[in-house]
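S.K.: The following block contains the structure, expressed as structure tokens.
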Ligand SMILES: [Zn+2]
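Residue numbers (the numbering used here): 617 to 871.
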């Protein structure tokens, strides 16, 4: 007894009881990628379908590329938790959540197998096509919940997704020694950095003071867009990668 037909062709269905109706908006306009952070895929699948867990996602992608749908795309799954993007905080209502099986940082954090990533790409393309989701709205859980979440992490191959037509990315500027902004700094340059992060969507206060929250958001940005070095220090590479990301966004939206 499967419960519903999958939105994504080829997906298996295992119904999770953990969902509700989308609030305010009826259609998702964002995809949020996670890793499961549990020892095995089957344990994660069981957890996301356990009423006691009160968490779920629309999809789970196993290491072998098998896709399981647990919540209909039209419904609101419980995957994002306390989050924000462009000031919006009910991310569950406006997103489709994908849990990618990987034990995560506390359990060795292995790389993501190619078959699994190919399945994630196909799934994302399906979701993006069904809901006309913008490239820059395929995001990491860490992007929308900086400081609280670090998944799917710096090993997640955003480049491979982008090469296949999923997500928004620019080549990360090379890491070099030089001037950098860090905790304790203040002034116009910090304000400019915070403004750029906020302009991309990150939940950061534009105060002109490089505080712990700014550091946390810089780390989240690096984990997704400059994964070679995730240290919360806004070095030249971080700032210039952020700048080109915003420039390429303007190029995309003016087309
Ligand atoms: Zn997550």
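Ideal placement from N, C-alpha and C gives every residue a C-beta, glycine not left out.
What is the chain-ordered set of residues for which the beta carbon lies under 5 Å from any non-hydrogen atom of ligand 1?
M.R.: Working through the chain, the matches are 650, 757, 767.
S.K.: By a C-beta neighbour count over all protein chains shown, 10 Å radius and 16 as the cutoff for buried, is residue 723 buried or exposed?
M.R.: The count along the chain shown starts at 1 and reaches residue 723 at position 107. Exposed, since its Cβ has fewer than 16 Cβ neighbours within 10 Å.
S.K.: Could you check the C-alpha separation between residue 873 and residue 694 for me, to the nearest Å?
M.R.: Because the chain here runs from 617 to 871, residue 873 falls outside it and cannot be looked at.
S.K.: Assuming residue 623 and residue 689 form a contact by the criterion Cβ under 8 Å, report the distance between their Cβ atoms to the nearest whole angstrom.
M.R.: Sequence index remark: in the chain shown, residue 623 carries index 7 (1-based). Sequence index remark: in the chain shown, residue 689 carries index 73 (1-based). With a Cβ gap of about 5 Å, residue 623 and residue 689 count as contacting.
S.K.: Using the C-alpha atoms, what's the distance from residue 831 back to residue 811?
M.R.: Looking up residue 811 in the chain shown gives position 195. Looking up residue 831 in the chain shown gives position 215. Spanning the two alpha carbons is a distance of roughly 14 Å.
S.K.: Residue 684 lies in the beta strand (DSSP E); which residues open and close that run?
M.R.: The count along the chain shown starts at 1 and reaches residue 684 at position 68. Here the beta strand (DSSP E) through residue 684 covers 683 to 685.
S.K.: Do residue 806 and residue 825 come within 9 Å of each other at the CB atom, strictly closer than that value?
M.R.: Counted from its first residue, the chain shown places residue 825 at position 209. Counted from its first residue, the chain shown places residue 806 at position 190. Contact: yes.
S.K.: Are the CB atoms of residue 647 and residue 755 within a distance shorter than 9 Å?
M.R.: Sequence index remark: in the chain shown, residue 755 carries index 139 (1-based). Sequence index remark: in the chain shown, residue 647 carries index 31 (1-based). Yes. Within cutoff.
S.K.: Going along the chain, which unbroken runs of the beta strand (DSSP E) with 3 or more residues stay wholly within the region 698 to 745?
M.R.: Whole beta strand (DSSP E) segments, 3+ residues: 711 to 716.
S.K.: Just mark residue 850 as buried or exposed, buried being the case when its beta carbon has 16 or more other beta carbons within 10 Å.
M.R.: Here residue 850 refers to the residue found at position 234 of the chain shown. With 16 or more Cβ atoms within 10 Å of its Cβ, residue 850 is classed as buried.
S.K.: By how many angstroms is the C-alpha of residue 699 removed from the C-alpha of residue 833?
M.R.: What you label residue 833 is simply residue 217 of the chain shown in a count that begins at 1. What you label residue 699 is simply residue 83 of the chain shown in a count that begins at 1. So the two alpha carbons sit approximately 12 Å from each other.
S.K.: Which residue or residues does DSSP assign as beta-bridge partners of residue 637?
M.R.: Here residue 637 refers to the residue found at position 21 of the chain shown. BP columns for residue 637 point to 691.
S.K.: Nearest CA to the CA of residue 706: which residue from 748, 761, 864, 656?
M.R.: Taking the chain shown and counting its residues from 1, one reaches residue 706 at position 90. Among 748, 761, 864, 656, the Cα nearest to that of residue 706 belongs to 761.
S.K.: Can you give, in chain order, each stretch of the beta strand (DSSP E) that sits fully within the region 742 to 803 and has at least 3 residues?
M.R.: Those beta strand (DSSP E) runs which fall completely within the region 742 to 803 and span 3+ residues are 754 to 756.
S.K.: On the CB-based measure, 16 or more other CB atoms within 10 Å of its CB, does residue 665 come out buried or exposed?
M.R.: Stepping through the chain shown from its first residue, residue 665 is reached at position 49. Counting Cβ neighbours within 10 Å, residue 665 comes out buried, since at least 16 surround it.
S.K.: Can you give the Cα-Cα distance for residue 753 and residue 837, rounded to whole angstroms?
M.R.: Walking along the chain shown from the start, residue 753 turns up at place 137. Walking along the chain shown from the start, residue 837 turns up at place 221. Each residue's alpha carbon lies about 14 Å from the other.
S.K.: Do you know whose CA, among 727, 788, 736, 652, lies nearest residue 780's CA?
M.R.: Translated into the one-based positions of the chain shown, residue 780 becomes position 164. Of 727, 788, 736, 652, the residue nearest in Cα terms is 736.
S.K.: Flag residue 790 as yes when its Cβ comes closer than 8 Å to any non-hydrogen atom of ligand 2, and as no otherwise.
M.R.: Looking for ligand 2 in the displayed structure turns up nothing; the ligands present are ligand 1.
S.K.: Nearest to residue 635 by CA position, among 670, 657, 802, 866, is which residue?
M.R.: By 1-based counting over the chain shown, the position of residue 635 is 19. Minimum Cα distance to residue 635 is reached at 670.
S.K.: Just the Cα atoms here: how many angstroms apart are residue 632 and residue 794?
M.R.: For the purposes of this step, residue 632 is taken as residue 16 along the chain shown, with counting starting at 1. For the purposes of this step, residue 794 is taken as residue 178 along the chain shown, with counting starting at 1. Answer to the nearest angstrom: the Cα atoms are 50 Å apart.
S.K.: Kindly list the residues whose CB is nearer than 7 Å to the CB of residue 802, restricted to its own chain and excluding five residues on each side of it in sequence; keep chain order.
M.R.: The residue given as residue 802 occupies position 186 in the chain shown. Contacts found: 824, 825, 826.
S.K.: Looking only at its own chain, which residues have a Cβ that is under 7 Å from the Cβ of residue 615, when we skip the five neighbours before and after it?
M.R.: Because the chain is modelled from 617 through 871, residue 615 falls outside the range shown and cannot be assessed.
S.K.: Relative to the alpha-carbon of residue 728, which residue among 691, 713, 650 has its alpha-carbon at the smallest distance?
M.R.: Position 112 of the chain shown holds residue 728. Of 691, 713, 650, the residue nearest in Cα terms is 650.
S.K.: Helix, strand or coil, according to DSSP, for residue 678 in the structure here?
M.R.: For this step, residue 678 is matched to residue 62 along the chain shown. Looking at residue 678 - three-state DSSP - the assignment turns out to be coil, as it is neither helix nor strand.
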